[in-house]
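Visitor: Dumping the structure here so I can ask a few things about it.
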Amino acid sequence: MDIIFWYIFAGIVACLVAATIVILVSGHKQRGLEAGETRALESPEGETPEEAQAQEEATSGEPIPEGASAPSPAITPSVETPEAPQSRLARLRRRLASSNNALARGLATLLASDKVSAQTWDDFEAALISSDLGAGPTTELIANLKNRLSIDGVSDPVQARDILKEELIALVGPDMDRSVNVTGADGEPAVVLVVGVNGTGKTTTVGKIARTLVAEGKTVLLGAADTFRAAAADQLTTWGDRIGVRTVRGPEAADPASVAFDAVNTGKTEGIDVVLVDTAGRLHNKTNLMDELGKVKRVIEKVAPVTETLLILDATTGQNGLVQARVFSDVVQITGIVLTKLDGSAKGGIVVAVQRELGVPVKYIGLGEGADDLAPFDAEQFVEGLLGQ
Ligand SMILES: Nc1nc2c(ncn2[C@@H]2O[C@H](COP(=O)(O)OP(=O)(O)OP(=O)(O)O)[C@@H](O)[C@H]2O)c(=O)[nH]1
Ligand SMILES: [Mg+2]
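For the sequence shown, my numbering begins at 465 and goes up steadily by one.
Below, the structure written as structure tokens:
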């Protein structure tokens, strides 16, 4: 009798355990199915749920715990909206008048003097020279100022400041054509080639220019023709990804000319407006590297003309930059200059010096490491920035 009771009891317990297992397993499957469906809805075409989860983790910065249900279907925007280029210099120009700015200091001393003596002029001249303005423009500016201040008999500091401002703007060249040619011929993309020595800010500038173009509603493609370091293509791709712009890249140590060719060719096939080509930093006195750069440009032009060749100069290198500028200009005809790092210890006079050296305008200035800290150059706003206005 006892044995029969225990048999029945064991049977009931076994049934209960089996039922519990069945319920648990089917509940788990159901949750997995729901999560999979939600991800499939949110994933772009062709993306696997695993890729989608990896992307979600990358976007949120937090891993999704295993087995947790999918987040609400609200789509988080992963693509940034860059700042419109027109407003940038107004926002950034205060960064020009740093305490290291010899030009601003010299002007302040001149304006603060009750009586402008020969010594004051000498000091001012020294300040202009040490602001990287260069000897020629310095002599010119001093002569014009002496002339105008004495002829007009100016003693009012506000009026004197206005005269200085006018003369500086004239030196910087308010009438130079600073437009960046980003319009390709019919059916061809515009091609912007970016060159310069190591570490001047080429890749960063390509990323920043891409943002200004996207803000203007243009379609953009990046070409990672710096195949020297694997990390260079990754760096560029990161800039592009932030604004939904694709990067064409080749295998490590690939021929940079062939990557540039592929990028421009892809741009042409896909009807892209502008292809921006980043190149490896190279010392201007390394002949083989400079030849390689010449080849990059020639090979691109088998597909479409290069509409803009921008030399990226680190403004903090001062007069040394001028030597680089000359050599680069000989190899690939430079059509515009980008002066980066003008927010640091750079001296604003370099703008005038480099334009005189190459006869080519400064088209953009870099004023910080932020993604939108690149501004189209404007002579008047630049001088106002130098004067701390
Ligand atoms: N403060 C400041 N830093 C800048 C500016 N532009 C670039 N940089 C910084 O300069 C450093 C070098 O920038 P990259 O863009 O990598 O320079 P690169 O010319 O591509 O370097 P290579 O490819 O190695 O020749 C980075 O730390 C940038 O953030 C600028 O306008 N202001
Ligand atoms: Mg680079």
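We put the CB at the ideal spot given by N, CA and C, even for glycine.
1) For residue 506 and residue 709, I'd like the C-alpha separation in whole angstroms.
2) Using only the heavy atoms of ligand 2, determine whether one of them is closer than 7 Å to the beta carbon of residue 667.
3) At a cut-off of 7 Å, would you count residue 664 as near ligand 1, judging by its Cβ distance to the nearest heavy atom?
4) Between the alpha carbons of residue 741 and residue 717, how many angstroms are there, rounded?
5) So the alpha helix (DSSP H) residue 756 belongs to, where does it begin and stop?
6) Let me know the secondary structure DSSP gives residue 745 once reduced to three states.
7) Considering only residues of the stretch 544-614, which uninterrupted alpha helix (DSSP H) runs meet the minimum length of 4 residues and lie entirely inside it, listed in chain order?
8) Does ligand 2 have a heavy atom nearer than 7 Å to the CB of residue 834?
9) Would residue 896 be called buried (16 or more neighbouring beta carbons within 10 Å of its own) or exposed?
10) Report the three-state DSSP secondary structure of residue 840 (helix, strand or coil).
11) Considering only the alpha carbon of each residue, which of 667, 773, 828, 584 lies closest to residue 695?
12) Using the rule of at least 16 other Cβ atoms within 10 Å of the residue's Cβ for burial, across every protein chain shown, is residue 471 buried or exposed?
13) Quick check: is any heavy atom of ligand 2 less than 7 Å from the C-beta of residue 690?
14) Which residue comes first and which comes last in the alpha helix (DSSP H) that contains residue 702?
15) Compare the beta carbon distance of residue 797 and residue 773 with 8 Å and say whether it is the shorter of the two.
16) Of the choices 558, 596, 634, 706, whose alpha-carbon is the least far from that of residue 844?
17) I'd like to confirm something about residue 696: is its beta-carbon nearer than 7 Å to some heavy atom of ligand 1, or not?
18) Hey, would you say the C-beta of residue 626 is under 7 Å away from at least one heavy atom of ligand 2?
Guide: Taking the structure as given:
1) As a working note, residue 506 is residue 42 in the sequence shown. As a working note, residue 709 is residue 245 in the sequence shown. The predicted position of residue 506 is uncertain, since its pLDDT is 33 and thus under 50; a value taken from the coordinates is nonetheless stated next. Per the coordinates, the alpha-carbon of residue 506 lies some 20 Å from the alpha-carbon of residue 709.
2) Numbered from 1 along the sequence shown, position 203 holds the residue referred to as residue 667. Answer for residue 667: yes, Cβ within range of ligand 2.
3) Numbered from 1 along the sequence shown, position 200 holds the residue referred to as residue 664. The answer is yes for residue 664.
4) Position 277 of the sequence shown, counted from the first residue, corresponds to residue 741. Position 253 of the sequence shown, counted from the first residue, corresponds to residue 717. Going by the C-alpha atoms only, they are around 16 Å apart.
5) Residue numbering aside, residue 756 sits at position 292 when the sequence shown is read from its first letter. Run containing residue 756: 751-764, per the alpha helix (DSSP H) assignment.
6) As a first step, residue 745 must be located in the sequence shown, where it is residue number 281. In the structure shown, residue 745 sits in coil (DSSP, three-state: anything other than H, G, I, E or B).
7) 552-556, 566-576, 582-594
8) Residue numbering aside, residue 834 sits at position 370 when the sequence shown is read from its first letter. Not so, every heavy atom of ligand 2 lies at least 7 Å from the Cβ.
9) No statement about residue 896 is possible, as the shown extent of the chain runs from 465 to 853 and does not include it.
10) Taking the sequence shown and counting its residues from 1, one reaches residue 840 at position 376. Correct three-state label for residue 840: strand.
11) Within the sequence shown, the letter at position 231 stands for residue 695. For the residues 667, 773, 828, 584, the minimum Cα distance to residue 695 belongs to 667.
12) Numbered from 1 along the sequence shown, position 7 holds the residue referred to as residue 471. Residue 471 is exposed by the Cβ-count criterion.
13) As a working mapping, residue 690 is identified with position 226 in the sequence shown. Yes, the beta carbon of residue 690 sits closer than 7 Å to at least one heavy atom of ligand 2.
14) On the sequence shown, position 238 is the one that residue 702 refers to. That run of the alpha helix (DSSP H) goes 694-706.
15) By one-based count along the sequence shown, residue 797 stands at place 333. By one-based count along the sequence shown, residue 773 stands at place 309. Cβ atoms of residue 797 and residue 773: closer than 8 Å.
16) Numbered from 1 along the sequence shown, position 380 holds the residue referred to as residue 844. Out of 558, 596, 634, 706, 634 has the C-alpha closest to the C-alpha of residue 844.
17) Position 232 of the sequence shown, counted from the start, is the residue given in the question as residue 696. Under cutoff, so the answer is yes.
18) If you number the sequence shown from 1, residue 626 lands on position 162. Checking the Cβ of residue 626 against ligand 2 gives no.
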